[in-house]
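Reviewing the structure listed below.
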Amino acid sequence: MTKTIAVLPGDGIGPEIMAEAVKVLDTLRTSFGLPVHLEEALVGGAAIDATGQPLPADTLALAKRADAVLLAAVGGPKWESLDISIRPEKGLLGLRSELGLFANLRPATVYPELIDASTLKPEVVEGLDILIVRELTGDIYFGHPRGVRTLENGERMGINSMVYSETEIKRIAHVAFQAASQRQQRLCSVDKANVLETTELWREVVTKVSKDYPKVTLNHMYVDNAAMQLVRYPKQFDVMVTTNLFGDILSDLASMLTGSIGMLPSASLDAQNKGMYEPIHGSAPDIAGQNVANPLATILSVAMMLRYTLQRSDLATLVEEAVHQVLRDGLRTKDIQGKGNYTVVGTREMGDAVVKVLREKR
Ligand code: IPM
Ligand code: MG
């Protein structure tokens, strides 16, 4: 049966990197018989410009109807002065919550070809393979009360609330334990249980869930220490599970261990493994329209889609291999240039190179 994929390019470099991911999907369709049908829609700033809303009803309906969603990036200075309730980022957050995508998987893997692109010493990052499991529909991102209030004395006060129910913690803990079961059987749960009651509960519930996974070794770490440990000795980690906000911060940090945020894909899954797939980087408005953005994180997000939602791990591996191959061939976008003697190419050329390798593998 043909699967529908919602294609949401968004803003900034979004349309450019999405075009390359679409080339890859088209190649899988035409050369490998992957039964997919792509439908494009507006999200973020592009949607605000066209409709006044960051997540138009049509786009949400398509995302709900589709078997999977591929999103590039949203946001930019053009929309920063808008009220926070209708900024481009709300389009993304709306998709996450409306689709119930509570489990965000963010792998940080160091490609041997890119070791010299990392700012850390090669021996610190060589062979690194971490999976960050970030809770995605709770926490301070969605918690109430929120907003800015004016007090009786006229002073304004900003409020955001970190909120987690036991059910929310339990279901993300299960996802993390299951992931760890398939990997090196080690799970580190990151919280701030020394200060925040919400994460004291988090720690308690994660510990309880661990009883169902006797083979997985669980440890707990405060988020400040986790940030330090990620830079000091990142190879101690296998799977990390954490809250929405801590996961947002730690996954950006982890991306730089791998050389560039332009390399990291992600999957956001619901309880049935329906997913939205996106690079973890943003819309990089400063380099938009220049054909310099790295399309590989979006292409690798297609690989995650093949693996988790389309159940085609054979093709997922093929796409990942193709990415390795172009890097081995010495091709680099600007962000992963490193110190070596490489051929620096543009967004389109990088996408074309991946497609060429894929065709040769047919
Ligand atoms: C991410 C991004 C988003 C987030 C922004 C764009 C709302 O930083 O996916 O990590 O904070 O979750
Ligand atoms: Mg982020």
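Counting the sequence shown from 1 gives a position; our numbering is that position plus 133.
Where is the CB? At the ideal position from N, CA and C, for every residue including glycine.
It should be emphasised that the depicted structure is a prediction, and the values quoted were computed from it without experimental measurement.
Taking its Cβ as the centre, do 16 or more other Cβ atoms sit within 10 Å of residue i, making it buried, or is it exposed?
| i | result |
| --- | --- |
| G463 | exposed |
| T160 | buried |
| L247 | buried |
| P398 | buried |
| R495 | exposed |
| A400 | buried |
| P221 | buried |
| R461 | exposed |
| Y366 | exposed |
| I217 | exposed |
| L429 | buried |
| D144 | buried |
| R492 | exposed |
| V281 | exposed |
| M277 | At residue 277 the sequence reads His, which differs from the Met that was named. The residue in question, H277, is exposed, as its Cβ has fewer than 16 Cβ neighbours within 10 Å. |
| S294 | exposed |
| D191 | exposed |
| P412 | buried |
Taking the DSSP output, what are the residues bridged to residue i?
| i | result |
| --- | --- |
| R267 | N237, T375 |
| N352 | C321 |
| T242 | D262 |
| T283 | R289 |
| Y410 | L203, A400 |
| L464 | T476 |
What span of residues does the beta strand (DSSP E) with residue i cover, start to end?
| i | result |
| --- | --- |
| L429 | Run containing L429: none in the beta strand (DSSP E); it sits in the alpha helix (DSSP H), 429–441. |
| I292 | 289–292 |
| N543 | Nothing in the structure corresponds to residue 543, since the chain is present only between 134 and 495. |
| I138 | 136–143 |
How would you write the range of the alpha helix (DSSP H) that residue i sits in, first residue to last?
| i | result |
| --- | --- |
| L203 | No alpha helix (DSSP H) contains L203, which is instead part of the beta strand (DSSP E) from 201–206. |
| L334 | 330–343 |
| V169 | Careful: V169 lies outside any alpha helix (DSSP H), inside the beta strand (DSSP E) at 169–173. |
| L193 | 190–198 |
| A400 | Where A400 is concerned, there is no enclosing alpha helix (DSSP H), although the beta strand (DSSP E) it sits in stretches over 398–402. |
| A313 | 299–314 |
| T184 | 178–184 |
Is residue i helix, strand or coil by DSSP?
| i | result |
| --- | --- |
| G209 | coil |
| V416 | Going by the sequence as given, residue 416 is Ser instead of Val. It is coil, neither helix nor strand. |
| R220 | coil |
| H457 | helix |
| H277 | coil |
| P148 | helix |
| A426 | coil |
| M389 | helix |
| L226 | helix |
| R162 | helix |
| L215 | coil |
| P251 | With the sequence shown as reference, residue 251 is identified as Ser, and Pro is not the correct amino acid for it. Coil, per DSSP. |
| M295 | coil |
| L232 | coil |
| Q405 | coil |
| A360 | helix |
| R495 | coil |
| Q496 | Lying outside 134 to 495, the shown extent of the chain, residue 496 is not represented and no answer is given. |
| A326 | coil |
| R445 | coil |
| A154 | helix |
| A486 | helix |
*Can at least three beta-carbon pairs, one atom from the region 170–180 and one from the region 193–207, be found at a separation below 8 Å?*
yes
*Cβ contact (3+ pairs, closer than 8 Å) linking the region 291–301 and the region 257–275*: yes
*Are at least three pairs of beta-carbons, each pair with one atom in the region 343–354 and one in the region 244–259, less than 8 Å apart?*
no
*Does the count of Cβ pairs from the region 449–461 and the region 398–417 closer than 8 Å reach three?*
no
*Contact between the region 383–395 and the region 257–271 (3+ Cβ pairs under 8 Å)*: yes
_Three Cβ pairs or more, each shorter than 8 Å: is that satisfied between the region 442–450 and the region 148–167?_
yes
*asked:* Taking contact to mean 3 or more Cβ pairs, one atom from each stretch, closer than 8 Å, check whether the region 221–232 and the region 358–372 are in contact.
replied: no
*Can you find at least 3 beta carbon pairs, one from the region 336–347 and one from the region 318–328, that sit closer than 8 Å?*
yes
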